[in-house]
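Residue numbers (the working numbering), protein chains in the order written: chain A, -10 to 268; chain D, -10 to 268.
2 protein chains.
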Amino acid sequence: MTLPDLTGDRPVALAEPGARDWSPRAARARFRAGLAGPTAGVAAGHTQANLIAVPADWAYDMLLFCQRNPRPCPVLDVTDAGAATTVLAPGADLRTDLPRYRVWEDGELVAEPADARAYWRDDLVAFLLGCSFTFEWALAGAGVPIRHVEQGRNVPMYVTGRQCRPAGRLRGPMVVSMRPVPPEHLRAAIRESGLLPAVHGGPVHCGDPAALGIADLARPDFGDPVEMAPDDIPVFWACGVTPQAAVTASRPPFALTHAPGQMFLTDARDEQYRVVGVD
Amino acid sequence: MTLPDLTGDRPVALAEPGARDWSPRAARARFRAGLAGPTAGVAAGHTQANLIAVPADWAYDMLLFCQRNPRPCPVLDVTDAGAATTVLAPGADLRTDLPRYRVWEDGELVAEPADARAYWRDDLVAFLLGCSFTFEWALAGAGVPIRHVEQGRNVPMYVTGRQCRPAGRLRGPMVVSMRPVPPEHLRAAIRESGLLPAVHGGPVHCGDPAALGIADLARPDFGDPVEMAPDDIPVFWACGVTPQAAVTASRPPFALTHAPGQMFLTDARDEQYRVVGVD
């Protein structure tokens, strides 16, 4: 498995002598200082998180939306209104420590800053949701190739034709991430991700993209297209960009999210979320 | 594994020829007609649920309390305000279809009716939480004896010294259920319950009750004491009675819950909640 070098150099293979990985704290400091880019492969073994922050009067709808759609929206933490801190990473600042943000007004994307302090509001409640980058370490550990990391690209993400269960004023389609998996690794990919239900769990679909209403794998809605080996099977996992699709569909007056693929790095360890007692 | 016969006769062994089990729908109809009693062992393979309903202006605190304490409070469904129906059991009425209810005013238990219609309010939001009775079928299927069912008793439950993570106005200690497990079955008990995180998952503690602040296993706070075989290890799972302890500690103006051990029987199948792809 390779590590994308977010300083702009070529990806660095983790297995190479001298390959560098960052602690979550060091990565957050670099992002705070202005570095941006996808976070797949960064901070080995540490849980990454999607961000969706909404005004307090939308917080119940958002929390209920997450509860009703746990595959795309597994909640790892919810902040108190106005607090930019989380129990998942003491000392971190949710306004500055992500690589890149998206700012939404009435469902429209209005800015993509690397620092969200100018947009922060005291009535914001932030939701941190599990991210599939977390289980990539488990997949890699089981020998499953992670094509988008090998190719130094962001994971491809697609808006599906499957509607989430609505909650209050929130509705919208499920978004999925896709990883090409060689058939001989399919079982391990399903098992290893399945053991991490807090970070989307097992796939929602394997095979024909049309079953999810996806017309063309080469044209993802977010992230980058990824090259598939001839026998690879496209495997789809529910994705934490789903709340952004709900923002687009439901038009809350304001929302602040991460940019797809550019996640919040928590101090939590992946194994904290692994189903216990299963060997 | 035996099935408690809620008509008042002796428990019926499921394995016996002619042993009778009920469908969830048939069980709910009997409870609606006035039957009351613990539901462990009823409606094999169907998911049971704890009930906590609070006024809408307490719903966000309750949902956040559940999110922050997912081991004792795994949310299976949340109703819209005033709705007494749930996607988990189409046609069921949450006001009548549980064996017995508890009615709380300002944190005090004021009634234990078998029918809650006289107490229902149009602003109530009902939370249905996973119940450990669900994984008892998986344990039994793996050969783990279920002592309280063998003995025809309600499962013993204890208020622990462990505080839940507070949420808004809600705080309180974690409640646990206890099952004595022979040492040779401990691994299976941990594994099988661990594969069902939506119904409390694996144990929170095995062994010395004092580690949880429990003084005397013979005096449970809810349910019945259960007899342990000489080598049995007490195994503790987080329990969906925890919100009732939060009601006692936090004193919301009103709450409606199930009576401990007398659960809502859903139409959902246990395997829907089982971690996928793990064999």
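For each residue, glycine too, the CB sits at the ideal point set by N, CA and C.
Euclidean distance between Cα positions of residue i and residue j
i	j	result
D/D46	D/L206	37 Å
A/D(-2)	A/W11	Residue placement at A/D(-2) cannot be trusted, given a pLDDT of 33 that sits under 50; what the coordinates show is reported in the next sentence. Each residue's Cα considered, the two are about 15 Å apart.
D/G23	D/Q251	13 Å
A/R176	D/E101	49 Å
D/L3	D/T123	With a pLDDT of only 32 at D/L3, under 50, the local geometry of the prediction cannot be trusted, and no value is derived from it.
D/M217	A/V215	58 Å
D/S166	A/P13	37 Å
D/W109	D/P44	10 Å
A/R142	D/L87	53 Å
D/L53	A/P219	46 Å
A/P249	D/Y147	44 Å
D/H174	A/G266	13 Å
D/N39	A/P59	19 Å
D/M51	D/C62	10 Å
A/A15	A/G157	39 Å
D/T255	A/L159	26 Å
A/G212	A/T149	15 Å
A/E5	A/D210	Here A/E5 scores only 34 on pLDDT, less than 50, and its place in the model is too uncertain to base an answer on.
A/A253	D/V31	The residue asked about is misnamed: residue 253 of chain A is Phe in this sequence, not Ala. Spanning the two alpha carbons is a distance of roughly 44 Å.
D/Q261	A/V170	25 Å
A/C120	A/A25	18 Å
A/V264	D/P145	25 Å
D/P155	A/V164	32 Å
A/R57	A/G183	19 Å
A/R208	A/R168	14 Å
Same chain, Cβ closer than 7 Å to residue i, five either side skipped, listed in chain order
i	result
D/W126	A33, G34 and D259
A/D66	T75, V76, L77 and L117
D/L98	R91
D/P27	P(-7), N143, G250 and Q251
D/V114	A42, V43, A45, A48, V67, T68 and A70
D/A131	A177 and E181
A/A107	none
A/P172	D220 and I222
D/M(-10)	Interpretation of D/M(-10) is limited by its pLDDT of 39, a score under 50 that renders its predicted location unreliable; the figure taken from the coordinates is listed afterwards. For D/M(-10), where only same-chain residues beyond five positions count, the Cβ hits under 7 Å are L3, G30, A129, I135 and V138.
A/A200	H194
D/V133	V170, H174, A177 and A178
Where residue i meets chain D, residues with beta-carbon distance less than 7 Å
i	result
A/A48	Y49
A/G191	V265 and G266
Contact set between residue i and chain A, taken where Cβ atoms lie within less than 7 Å
i	result
D/V67	L53 and Q56
D/G119	The contacting residues do not exist; D/G119 stays about 12 Å from chain A at best.
Same chain, Cβ closer than 8 Å to residue i, five either side skipped, listed in chain order
i	result
A/G96	V236, T237, A238, S239, R240 and P241
A/A204	P198
A/D111	A70 and G71
D/P79	D256
7 Å Cβ cutoff, residue i in contact with chain C
i	result
D/G141	This model lacks chain C altogether; the protein chains it does include are A and D.
Cβ shell of residue i (< 6 Å), same chain only, five flanking positions each side left out
i	result
D/Q233	T246
D/I41	F116, P232 and T246
A/Q152	P162
A/R180	none
D/W93	V236 and A244
D/C55	C62 and V64
D/R21	T85 and D86
A/D104	T85
D/A73	D82, L83 and R84
A/G202	T149 and G150
D/T36	T123, T255, A257 and D259
Check: Three or more C-beta pairs closer than 8 Å, one from the segment 184 to 197 of chain A and one from the segment 215 to 234 of chain A: is that the case here?
Finding: yes
Notebook entry, point to check: Along the segment 223 to 238 of chain A, what residues have a CB closer than 8 Å to any CB found in chain D?
Noted result: Those would be none; no residue qualifies.
Check: What are the residues of the segment 173 to 185 of chain D that lie near chain A, defined by any Cβ-Cβ distance shorter than 7 Å?
Finding: I179, R180, G183 and L184
Notebook entry, point to check: Just by C-beta distance, which residues in the segment 254 to 267 of chain A are closer than 9 Å to chain D?
Noted result: V264, V265, G266 and V267
Next item on the list: Taking only beta carbons into account, state which residues of the segment 60 to 86 of chain A come closer than 7 Å to chain D, listed in chain order.
Entry: V64 and V67
Margin query: Under 8 Å, with one C-beta from each stretch per pair, do the segment 69 to 84 of chain A and the segment 133 to 147 of chain A reach the 3-pair mark?
Written below: Contact between the segment 69 to 84 of chain A and the segment 133 to 147 of chain A is absent: fewer than 3 CB-CB pairs across the two stretches fall below 8 Å.
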